[in-house]
Every structure is written in structure tokens, then in C-alpha cells.
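S.K.: In the order they appear, the protein sequences are chains A and B.
At position 261 of the first sequence (counting the first as 1) the number is 261 in the numbering used here, and the numbers step up by one without a gap.
At position 221 of the second sequence (counting the first as 1) the number is 221 in the numbering used here, and the numbers step up by one without a gap.
Glycine is no exception: its CB is placed at the ideal position from the N, C-alpha and C atoms.
These numbers were taken from a predicted model, which means no experiment stands behind them.
I'd like to ask some things about the structure below.
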Amino acid sequence: MESDVRLEGVTKRFGKVTAVDGLGLEVSRGEFVSVIGPSGCGKTTMMRLIAGLDQPDAGQIWIRGERMEGVPPYERNIGLVFQSFALFPHLDVMANVEFGLRMRGESAQHREEKAMRALRAIGMENLARRRIEQLSGGQKQRVALARALVVEPSLILLDEPLGSLDAKLRIEMQSELKSLQRQMGITFIHVSHNQGEALVMADRIAVMNAGRFEQVATPTEIYKEPRTRFVAEFVGRNNIFEGEVAESRNGIVRVQTRHGVFAIEARGRVPAERQRLIFVVRADSMRPVDAGGPRTENVVSGVIKGLEYAGSVMLMVLDLGSDQELKVEQHESLSLGRAAPRHGATLTVTWTPADAHLLPTP
Amino acid sequence: MRQTHTPPAKAPALEVSTTLVVRRGVAFLERHPGVASLLLVLPGTIWMMLFVGIPLASIVLFSFWRSGFAGLVPDYNVENYAALLGGRTFWRITFWTYEVVIIALAGVIVLAYPAAYAIWRVVRDDRWKTAVLLLCVVPFWTSYLTRTITWLPMFGREGVVNRVLLALGVIGEPLEILLYTPYSMMWGLWSLYIVFMIGPLYHSMTKIDEDVMSAAAMLGATPLRTFFHVVLPLTRPGLMAGSLFVMVLGLGEFFTERVIGGAQNPMLAGLILRQIDIFQWASASAIAVTLTVLTLVTVSAMLRLFDLRKV
Numbered sequence: 001m002e003s004d005v006r007l008e009g010v011t012k013r014f015g016k017v018t019a020v021d022g023l024g025l026e027v028s029r030g031e032f033v034s035v036i037g038p039s040g041c042g043k044t045t046m047m048r049l050i051a052g053l054d055q056p057d058a059g060q061i062w063i064r065g066e067r068m069e070g071v072p073p074y075e076r077n078i079g080l081v082f083q084s085f086a087l088f089p090h091l092d093v094m095a096n097v098e099f100g101l102r103m104r105g106e107s108a109q110h111r112e113e114k115a116m117r118a119l120r121a122i123g124m125e126n127l128a129r130r131r132i133e134q135l136s137g138g139q140k141q142r143v144a145l146a147r148a149l150v151v152e153p154s155l156i157l158l159d160e161p162l163g164s165l166d167a168k169l170r171i172e173m174q175s176e177l178k179s180l181q182r183q184m185g186i187t188f189i190h191v192s193h194n195q196g197e198a199l200v201m202a203d204r205i206a207v208m209n210a211g212r213f214e215q216v217a218t219p220t221e222i223y224k225e226p227r228t229r230f231v232a233e234f235v236g237r238n239n240i241f242e243g244e245v246a247e248s249r250n251g252i253v254r255v256q257t258r259h260g261v262f263a264i265e266a267r268g269r270v271p272a273e274r275q276r277l278i279f280v281v282r283a284d285s286m287r288p289v290d291a292g293g294p295r296t297e298n299v300v301s302g303v304i305k306g307l308e309y310a311g312s313v314m315l316m317v318l319d320l321g322s323d324q325e326l327k328v329e330q331h332e333s334l335s336l337g338r339a340a341p342r343h344g345a346t347l348t349v350t351w352t353p354a355d356a357h358l359l360p361t362p
Numbered sequence: 001m002r003q004t005h006t007p008p009a010k011a012p013a014l015e016v017s018t019t020l021v022v023r024r025g026v027a028f029l030e031r032h033p034g035v036a037s038l039l040l041v042l043p044g045t046i047w048m049m050l051f052v053g054i055p056l057a058s059i060v061l062f063s064f065w066r067s068g069f070a071g072l073v074p075d076y077n078v079e080n081y082a083a084l085l086g087g088r089t090f091w092r093i094t095f096w097t098y099e100v101v102i103i104a105l106a107g108v109i110v111l112a113y114p115a116a117y118a119i120w121r122v123v124r125d126d127r128w129k130t131a132v133l134l135l136c137v138v139p140f141w142t143s144y145l146t147r148t149i150t151w152l153p154m155f156g157r158e159g160v161v162n163r164v165l166l167a168l169g170v171i172g173e174p175l176e177i178l179l180y181t182p183y184s185m186m187w188g189l190w191s192l193y194i195v196f197m198i199g200p201l202y203h204s205m206t207k208i209d210e211d212v213m214s215a216a217a218m219l220g221a222t223p224l225r226t227f228f229h230v231v232l233p234l235t236r237p238g239l240m241a242g243s244l245f246v247m248v249l250g251l252g253e254f255f256t257e258r259v260i261g262g263a264q265n266p267m268l269a270g271l272i273l274r275q276i277d278i279f280q281w282a283s284a285s286a287i288a289v290t291l292t293v294l295t296l297v298t299v300s301a302m303l304r305l306f307d308l309r310k311v
């Protein structure tokens, strides 16, 4: 099947700075792709290039098989939802939603019908004649979405769409966005620095760093099997270890690190002995062990130097010495019957070889 | 220099009394904030009374007097107004004044919008923006008279423009339309007033969110349609502010009409001067009062159309 959006070697420079560098991406019809990365990684530039608001210095962008070079934004039929919402302050809710239809020369009757349908879909049919400044953040967000969707675009771009909403509303809007996208079957490309948002909504996630994609994969893959150190650091709460292969046998790789030898499930990989590599263990894989209990492999001890209680989980930072920290995420149910952790106490944790993940590239 | 070893009890008596007075005064004003605000507006009020209030009041007063051989005679009557409002000349000139001002305003709007838009959207570099805006303003660092008078060597029969066009063979004989005609007066007014429109328009354009402009494009609006559907409605405050400037300046206009327009078709302000020239002080005052009232009515009508205070 022809991909809905295709990027090939897309590069954009601002002066001496290369904002995006040879981006390649294929998005199929009806897919929800999230592009995440730290601020300044080039994700907004990528979005503006797809939208046609900026022109790439090199590379090509195709939308529904059409090359976008030289096509101005107003002929691309792309819906863009801005972080600032960018609603027209001089128009009411209805006129904002109708704007795209008006520009397409649709009759007043058609416009009204379609706009009302869109407003109903977002539960705002009663606020059609409200002025924009009278709306709450969540309502503005919905209007911005309805305005983009009502013209039936071939693609919706969302630029940090939930960035200016409060936490509770953001979670509501996440599921609402996702279900709207499912219903309409429109391709969504969502740009965010919030990995949580991406993990919840996206079919695929592209992790971006310094203008390049580090990894493009499903949320589960990104979360469980990061390809690069950057992805491991950016997504989830991962502990990163560097070491040298001591032994590779029976599907288990043993890696010598500064903190001892650790066993890792190889998953089909056979790294050479003495090869340097990086492996990661998620903070939520860590299991505390009682001091003096049966000690097997993959055991480390450290002094608790950070404690953060986040409802059902306790986040701890252990000092392992020689500048290495260990993040431990402990579910409350697991700490039952144990003394509450406190600052300065020593904690011993363990994980299974299956919990550790070898990065494919050192 | 303060002497640190002097005990406070031996401080100079004058110093003590002044600080005491100041302290008591401040305490009094703190207890009576109404008095404090009254004191704050007092200097400005006195200034305005001296240079606006009293002159205006005297003009109103004079307009009910009579012009005698030796000057104004305090002989109260409404003859000046009766003669003015009863005669055809006044009404003809009033309509002419509004015709000129409205055409001037329309022309200024049509000329200033693209200019402001270009400075806002086309000039990308901030330094160039400042430079271009400055170029618009620099002529206004010279006096109004100088700017008007420079039209004479520029556009006169023997002026630069005619000479150049003659030399190039574009025209056979000097163009007469360039100076001392209603048309030349209008060009003069446009060139004098355009900056009063570009400034406010540019200012309201820069207040438009860049994302809103992009949003219009993403929704399928060409730059032209974006201009009419987004920029135009959102720059109404600037348009209104600029229009008020042009309206008020235009209604009081006399010099451009005299110098560039050839002094053939006076407007209301010009009529005042012509009355003064023939020592009709009382009649001149009556016209002045009428013009002031007309200006006030026009401005309030415009504000009713669009209230700047709501922005």
C-alpha cells in the first residue's frame, strides 16, 4: 500500500545549524505517529516542513503520493493543531470551525451542517456562538481540533497539542484524540516532548535527537527495547550500564561492569568476548532483596539518596558509588511487610537476565 | 558632608523642621489619598487650562462679539453664526472639507495598508524593518512647512519632475496638474498623512499571532484571502487610530491647500485664516467654534463605529 506521508532525506539548515538532518519516514493511511524528542531536537521544524510553512534545503516530502516541493501550505490540505491553538480571535467558535470550508468555497448551508457536526463530535454544539476569549483551555483545544478536522484533510499535524492543558485535562484529551483519530481514519503526526502522551496515543513513535531519528518503532518496542543510549535515556526510566563481555553462553551474556558481572538474556545475539557494550534495565524491573537473603546474580546495593513518593509507586535513587546512580521504581504492593525506605539506608535490589536489554549499538 | 560624630540632638534646626514638615505632609497625604491624587493632576490641569482651556473659551466668547474697526467689540449677538449657517458659502465649504478629508483618508488607507503589510511580512530582517520604518518617519523630523514647501521646486512648472520628464521626452510641455490643483493638494495630503496610518497599522499587525497567520494558510487561505479574512479584521484598532489622526489633522488643514493646492479652494480652517486676513475676528471665531464642534462630532461618531477603548 502507498504510504500516506513519506519523508526522504529531508534536511533543513538555519544558518550554520542543521535543524533536521536527512529525515526518512513512512506513515501509512490512518496511522498515529508520535515524534518525540527534547526541545530543540528539530521536531517542530520537521512538522513545519511537512506543513509547507518552511521549505527543506534537501530531500523530498510526499503526501498521498504527491510530491510537495513547491506546493504552498494552503494547497496541501493538511490540518495543523497548534500548541497555542491559534484560533481566530475575531471570529466566534462556529466561524472558526467554518473557516477552512469557507476558503474551499463551500455553500453556507454545507458549511453550517459540517461545522455543526464537527462541534457535536467534540461536544461543543451549545457553544457555537461563543467568543474565543470566553473559552477555557480545553474548549479552545477542542475548537482547534474541530477546525482542523472539519475540512477532511489528508493529514493532521499536532504540535504539542496538549502542552498548555493541565494534567487532568491532558489525560482526558489523550483518549479523546485517539478515539477521534480511530473513528475518522485520518493519519495523525503528533509532535511532543512528552513521552507519556506518545506512549498512550501513538501506533508508532519516532524518537528524535539532534535532527535525526534515533529509533522509529511501536511504543512497546521503544519502551522495552531501545536501540540507542539516547532512546534509553529519553523514554521511560532506565538504568544504563557500560561494560565488557566476559562470557557469552547458553543464550546468556555476562558483562563485566564497574559494579560487578551482570547476566543478560542475549535474545539471539552473540557478542564477541571483550566487546564493549551497553545494556539497560528499567527502573520498574528492580526487585528489592532482603539483606542476608539468597544472593544470586544481578544484585547491587546502594545507599538511598533520593526518595519520591508518587502515589502507587515509590521512586528511589540509589548511589552505587563511582558516579553511577540506580533508579528504582517500587510498586507499593511489593513493599508490604517491609520497612519503609529512608534516606541514607542501604538497599539491595536484583533483576532477572530477561529484564536487561542489550543495546544493538554501543 | 555628614559628621558622624555629631550626636543627633545637635543636628541643625532647619533640617529637623524640614524633615518634620515632609514627614507630616506625607502622613497627611497617606491618610487622605483623594488630596494626593488631586495634587498629582494639578500641574497638568493648570497647563491645559492656560494653553487650551482659556484660549478655547475666549474663542467661544469672541464668536458672540462683533468685529469693529479697531478690533473686537463685546457686543453680544448671534449674528456671526446666523450669517455663517444661513449662507451657502459655509455649507459649500463644509462639504468640500469633508470631501477632501474623506478622499484623503481613503487614499491614505489604500496606500498605507500594503506599505505596513510589506514592512511586516515581506521585510524579514528586523534591522531592515527598523530601517524602513525609520525612513517613513524621518521626513517628520523636518517641519511641516518645510515638507510642504519642498513641493514647489519638485513639482512646479519649472520643477524637477517636469524638467526630467521633458528631458526624457515623455511629455511635450510641462504638466500643469502637478501643482496648484485639487489633485496636487490631494497627493500632498496623502504624502503628509500616510505615516500616521502606517504606524498604527504596522503596530496592530505585529500584534497578530504568527501561528494565527499560519493557521489561516493551513486551512486553505491564500495570502490574499488571509489578508481580507484575518489581517483586515484584526487590524481594525490600528485602522481606527490612524483614521482618527488623519480625520483630525485633515479637518484642521489649511497650509497644504494654500501652498500645494494653490489657495483656490479653501477648506474650513483656510476660511478662518481668510476671515482673519480681512480682520473679521468675530466671524473667524464663529467658524473656529463650528469647526471644533464638527471635529468633536466626527470623532465621536467614529468612536461609536468602533470603540478604541475596548481594545
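Mapping the DSSP letters down to three states, classify residue 309/A as helix, strand or coil.
M.R.: It is a strand residue.
S.K.: In chain order, which beta strand (DSSP E) runs of at least 3 residues are fully inside the region 36-78 of chain A?
M.R.: Entirely contained in the region 36-78 of chain A, the beta strand (DSSP E) runs reaching 3 residues are, in chain order, 58-63.
S.K.: Tell me the rounded alpha-carbon separation between residue 117/B and residue 302/B.
M.R.: Approximately 24 Å between the Cα atoms of the pair.
S.K.: List, in order along the chain, the chain A residues whose C-beta lies closer than 9 Å to that of residue 83/B?
M.R.: Those within 9 Å of residue 83/B in chain A number zero; the least Cβ separation is about 49 Å.
S.K.: Which residues of chain A have a Cβ atom closer than 7 Å to the Cβ of residue 233/B, listed in chain order?
M.R.: Correct list: 90.
S.K.: With distances taken from CA atoms, which of 40/B, 177/B, 252/B is nearest residue 261/B?
M.R.: Minimum Cα distance to residue 261/B is reached at 177/B.
S.K.: Residues in the region 208-230 of chain B with C-beta within 7 Å of chain A's C-beta atoms, listed in sequence order?
M.R.: Result list: 209, 211, 212, 214, 215, 217, 218, 219, 220, 221, 222, 225, 230.
S.K.: Just list the residues that DSSP pairs residue 199/A with in beta bridges.
M.R.: Bridge partners of residue 199/A: none, in fact.
S.K.: Give me the residue from 106/A, 45/A, 122/A, 272/A with the minimum Cα distance to residue 145/A.
M.R.: Answer by Cα proximity: 122/A.
S.K.: So, is residue 298/A buried or exposed, given that buried needs 16 or more other C-beta atoms within 10 angstroms?
M.R.: Flag for residue 298/A reads buried.
S.K.: Closer than 9 Å by beta-carbon distance: list the chain B residues that pair up with residue 192/A, in chain order.
M.R.: By Cβ distance, chain B contributes nothing, its closest Cβ being about 17 Å from residue 192/A, past 9 Å.
S.K.: So is residue 104/A in contact with chain B if we call contact Cβ pairs under 8 Å?
M.R.: Cβ-Cβ to chain B under 8 Å: yes for residue 104/A.
S.K.: Can you grab the Cα-Cα spacing for the pair residue 275/A / residue 207/A, in whole Å?
M.R.: Their backbone Cα atoms lie some 27 Å apart in a straight line.
S.K.: Among 312/A, 329/A, 264/A, 280/A, which one has its Cα closest to the Cα of residue 353/A?
M.R.: With distances taken between Cα atoms, residue 353/A lies closest to 264/A.
S.K.: Are residue 73/A and residue 218/B closer than 8 Å when you measure CB to CB?
M.R.: In contact: residue 73/A and residue 218/B (Cβ atoms closer than 8 Å).
S.K.: Counting C-beta neighbours from all protein chains within 10 Å, is the total for residue 242/B 16 or more, i.e. buried, or is it exposed?
M.R.: Residue 242/B comes out buried.
S.K.: Assuming residue 391/A and residue 347/A form a contact by the criterion Cβ under 8 Å, report the distance between their Cβ atoms to the nearest whole angstrom.
M.R.: What the structure shows of chain A is the stretch from 1 to 362, and residue 391/A is not part of that stretch, so it cannot be assessed.
S.K.: Assuming residue 103/A contacts residue 221/B under a Cβ cut-off of 8 Å, what Cβ separation, rounded to an integer in Å, is found between them?
M.R.: 5 Å between Cβ atoms; contact.
S.K.: For residue 244/A and residue 279/A, what's the separation of their Cα atoms in angstroms?
M.R.: Cα to Cα, the separation comes out at about 10 Å.
S.K.: For residue 54/B, is the classification buried or exposed, using 16 other Cβ atoms within 10 angstroms of its Cβ as the cut-off for buried?
M.R.: So residue 54/B counts as exposed.
S.K.: How many Å lie between residue 130/A and residue 111/A at the Cα?
M.R.: Roughly 17 Å separates the two Cα atoms.
S.K.: Keeping to the same chain, check which residues put their C-beta closer than 6 Å to that of residue 191/B; ignore five residues upstream and five downstream.
M.R.: Same-chain partners within the cutoff: there are none.
S.K.: Could you tell me whether any Cβ in chain B is nearer than 8 Å to the Cβ of residue 84/A?
M.R.: With 8 Å as the cut-off, residue 84/A counts as an interface residue toward chain B.
S.K.: Can a CB atom of chain B be found closer than 8 Å to the CB of residue 135/A?
M.R.: Not closer than 8 Å to any Cβ of chain B, the Cβ of residue 135/A fails to qualify, so no.
S.K.: Can you list the beta strand (DSSP E) stretches of 3 or more residues lying completely in the region 210-272 of chain B, in chain order?
M.R.: Runs found: none.
S.K.: In its own chain, which residues sit with a C-beta less than 8 Å from the C-beta of residue 91/A, not counting the 5 before and 5 after it?
M.R.: Here the set comprises 99, 132.
S.K.: State the CB to CB distance for the pair residue 141/B and residue 188/B, rounded to an integer number of angstroms; the pair is presumed to be in contact (CB under 8 Å).
M.R.: The Cβ separation is near 18 Å, so there is no contact.
S.K.: Under 8 Å, Cβ to Cβ, is there at least one residue of chain B near residue 146/A?
M.R.: Cβ-Cβ to chain B under 8 Å: no for residue 146/A.
S.K.: Kindly indicate which three-state DSSP category residue 177/B falls into: helix, strand or coil?
M.R.: Three-state DSSP puts residue 177/B in coil, outside helix and strand.
S.K.: How would you write the range of the alpha helix (DSSP H) that residue 238/A sits in, first residue to last?
M.R.: Per DSSP, residue 238/A belongs to no alpha helix (DSSP H); it is in the beta strand (DSSP E), 238-249.
S.K.: CB residue 198/B to CB residue 136/B, shorter than 8 Å?
M.R.: A contact, by the Cβ cut-off of 8 Å.
S.K.: When DSSP labels each residue in this structure, what does residue 279/B get in the three-state scheme?
M.R.: Coil, per DSSP.
S.K.: Unbroken alpha helix (DSSP H) runs of length 4 or more, entirely within the region 72-122 of chain A: which are they?
M.R.: Correct list: 93-103, 108-121.
S.K.: Tell me the rounded alpha-carbon separation between residue 65/B and residue 93/B.
M.R.: Approximately 23 Å, taken between the alpha carbons.
S.K.: Alpha carbon to alpha carbon, how far is residue 233/A from residue 96/A?
M.R.: For residue 233/A and residue 96/A, the distance between alpha carbons rounds to 41 Å.
S.K.: To which residues of the same chain is residue 174/B closer than 6 Å at the C-beta, ignoring the five residues directly before and after it?
M.R.: Taken in chain order, the residues that qualify are 157, 162.
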